[in-house]
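So for the sequence shown, the working numbering puts the first residue at 2; every next one is plus one. Glycine is no exception: its CB is placed at the ideal position from the N, C-alpha and C atoms. Only one structure is covered here, and it is reproduced in the block below.
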Amino acid sequence: MFKKFSQQKGVTLVELLIVLALISMVLGLIFTIFSISNKAFYGGTEQGYMQKGARIAAQLITKQLRNAKEVSIEPITSESKYYTIKLEKNSDNALYHVVLETIQEGIAVKKTSFGEEYKKISFMGDDSPGVLNFTLEFEEYTLSSAIKLNNINQRIIPKGTSKNTIYFSKYE
């Protein structure tokens, strides 16, 4: 009778529990690795979009100001048409977007916004005449750049001063 039971083959309960514990640990490890990889991928993608937006905004600001006729921190009253670059609040009033505004005869006639989710824009003075520095700040990222103003050989903003709006006129 004992001989009959000893020849049967199968898995004991202890072996089954050990295998299930090992499988659950391996699956937990796989899930953890997947979760960390997923967060890293989406974080990198988000940062890439943010940096792309900053680069595009910086290029547009540079393009608008590089060959400007006049650049000032005050409205340009000597010209009938001038432009301004500043930040305006988004619809949720939490963050800002950069606005290029066309002002004709003292009235804003056109607004073009580009980029989103900025915290701050600063135009700063420099030691070098004809150079305008600016900084775009995001939640976790800051982009700083300097523009050589081709048609202006004077200081626009006194050194150590920072403004969040810049006015300029173009050769038409």
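Could you check if residue i is buried or exposed, using at least 16 other CB atoms within 10 Å of its CB as the buried criterion?
i, result
"Ala-35", "Looking at the sequence itself, residue 35 is Phe, so the reference to Ala does not match. Label assigned to Phe-35: exposed."
"Val-99", "buried"
"Ser-81", "exposed"
"Phe-139", "buried"
"Ala-22", "exposed"
"Val-12", "exposed"
"Leu-18", "exposed"
Between the C-alpha atoms of residue i and residue j, what's the straight-line distance to the nearest angstrom?
i, j, result
"Ile-122", "Leu-88", "7 Å"
"Glu-173", "Leu-101", "17 Å"
"Val-27", "Glu-118", "41 Å"
"Ala-59", "Ser-114", "13 Å"
"Ser-163", "Phe-124", "6 Å"
"Gln-105", "Glu-75", "15 Å"
"Val-43", "Ile-31", "First, the amino acid is wrong: residue 43 is Tyr here, not Val. Rounded to whole angstroms, Tyr-43 to Ile-31 spans 18 Å at the Cα level."
"Gly-29", "Val-20", "14 Å"
"Lys-120", "Thr-33", "34 Å"
"Lys-90", "Lys-149", "29 Å"
"Asn-154", "Ile-57", "26 Å"
"Ile-37", "Asn-165", "39 Å"
"Lys-40", "Thr-46", "10 Å"
"Thr-136", "Leu-144", "6 Å"
"Ser-129", "Val-110", "34 Å"
Just to confirm my understanding: we take residue i, look at its own chain, exclude 5 residues before and 5 after, and list those with CB closer than 8 Å. What are they?
i, result
"Tyr-142", "Gln-48, Met-51, Gln-52 and Ala-55"
"Ser-73", "Ile-157, Ile-167, Tyr-168 and Phe-169"
"Lys-64", "none"
"Arg-67", "Ile-148, Lys-149, Leu-150 and Asn-151"
Please look up how many angstroms separate the CB atoms of residue i and residue j, rounded, as I've assumed it's under 8 Å.
i, j, result
"Ile-167", "Ile-108", "About 19 Å separates the two Cβ atoms, so there is no contact after all."
"Gly-126", "Pro-159", "5 Å"
"Tyr-83", "Ser-170", "4 Å"
Going by beta carbon distance, what residues of the same chain come within less than 7 Å of residue i, once the five residues before and after it are set aside?
i, result
"Lys-112", "Val-100 and Glu-102"
"Lys-70", "Asn-152, Ser-170, Lys-171 and Tyr-172"
Can you list, in chain order, the residues of its chain with a C-beta nearer than 6 Å to that of residue i? Leave out the 5 residues immediately preceding and following it.
i, result
"Lys-134", "Inspection of the sequence shows that residue 134 is occupied by Asn rather than by Lys. Same-chain partners within the cutoff: Met-125, Asp-127 and Ala-147."
(request) Kindly provide the ranges of any beta strand (DSSP E) runs that are 3 or more residues long and lie completely inside the stretch 50 to 135, ordered along the chain. (result) Entirely contained in the stretch 50 to 135, the beta strand (DSSP E) runs reaching 3 residues are, in chain order, 71 to 73, 82 to 90, 97 to 105, 108 to 119 and 121 to 125.
(message) Quick check on the DSSP output: what are the complete beta strand (DSSP E) runs of length 3 or more inside the stretch 24 to 53, in order along the chain?
(response) none
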